[in-house]
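A short write-up of the structure that comes next.
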Amino acid sequence: MNLINSPILGTKVSLHSFTPKPKAIIKNTHTNSHIIIMPKKRVNSDESNKLTTTTTEFDDSLEPTTTKPCLCGRRHFIEAAATATLTAATQSATATNSDSEYTALVNKFHPPKPDWYQKFFAWVLNSFTKSYEAEVGQYKSQIFSILQEKKANKILEIGIGTGPNLSYYASDSNVQVVGIDPNPEMEKYARSSATSAGFPLSNFEFIHAVGEVIPLSDASVDAVVGTLVLCSVKDVDLTLKEVTRVLRPGGVYVFVEHVAAKDGTFLRFFQRVLDPLQQTIADGCHLSRETGDSISKAGFSSVELDMAFLSNATFVNPHVYGIAYK
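So for the sequence shown, numbering that gives the first Met the number 0 puts the first residue at 0; every next one is plus one.
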């Protein structure tokens, strides 16, 4: 393991070798019934105000609504303060050429859980997400096809978890995948998923790491994949900066994320109520993040972003999925 200077964090982080747009902003347009928003084309920086979408909605006029004073300013101030605190803490880390120093840096962003919790959570994800993956697969297939179109041979997957996406890479024997996850108990399930999908283990590397400090050098991968991960990272914006850093020019970020429901709906109300519990039982997962906005504002040259409701996801709805181009 070598060390690199992180241009984002202003400190050195461990480096693992990788061997084996203006913004199409969609905000508060969804309802708590089925909705799909389909951008017709990529949006260039001088055409962001020309985004054309086709929207299919079902009437929610009978749905009771709730209203409350806007606390946006206070919330944004708190979020900004938290981000500054985290960055300052990271900058104070002493860089040495050892795994333990990088592990300490990882733990700043993702404090370690008890071993029993990490094992249990990995087992739950591996055992009880089959129906979800079956339904979300129709959307993943649409966006993962860009990886073959772009001939993406080097792929980084952040929050790889138990490896449900490895089957999408298996058709190309030249593809090399690095998967990072803060839970080391995910590795055995990810390797098992690779074997089941026919993806060669010689082309797969699992690294205990977090999205806020990706241990890869600048412009080192053709694509970054993230599915259901930005809901759980401590710093969404910093993670997206790291994604753009490691992507090569012309590279793509392929994503699927659940986001907050429309303001004033019962679904959004319950998401706010259940959010603290969700974070506790689901390893930091937030129910009410505006992740689509964050991706749209992350500095990609263009973003294709669609929305959909999944019938078996209950409070974890709606979803955004799409492709961001560096």
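Idealized CB from N, CA, C, for every residue including glycine.
For S216 and V174, the gap between their C-alpha atoms comes out near 18 Å. P275 sits in a helix when the DSSP states are folded into three classes.
When the five nearest sequence neighbours on each side are left out, the beta carbons in the same chain lying within less than 8 Å of the beta carbon of N316 are those of N31, H257, A260, L266, F308, L309, in order along the chain. Taking a 10 Å sphere around the C-beta of L304, we find 16 or more other C-beta atoms and assign the residue as buried. Distances from the alpha-carbon of T161 to those of L246, D234, F108, K187 put K187 closest.
Contact check for M185 against I213 fails: the beta carbons are separated by 8 Å or more. The beta carbon of V235 sits closer than 8 Å to the beta carbons of L229, R288, T290, S293 from its chain, once the five residues preceding and following it are set aside; these are given in chain order. Rounded to the nearest angstrom, the gap between the Cα atoms of K296 and T243 is 12 Å.
The continuous stretches of alpha helix (DSSP H) do not include Y168, and DSSP gives it neither H nor E. The residue from G321, A323, Y168, N311 with its alpha-carbon nearest to that of K129 is N311. Beta bridge pairing from DSSP links H257 with H318. Of the residues assessed, A133 falls on the exposed side of the cut-off, its CB having fewer than 16 other CB atoms within 10 angstroms. Assigned with DSSP and collapsed to three states, R244 falls in helix. Within the same chain, Cβ atoms closer than 6 Å to the Cβ of L237 are found at E211, the five residues on either side in sequence being excluded. Rounded to the nearest angstrom, the Cβ distance from I179 to I206 is 5 Å, consistent with a contact under 8 Å.
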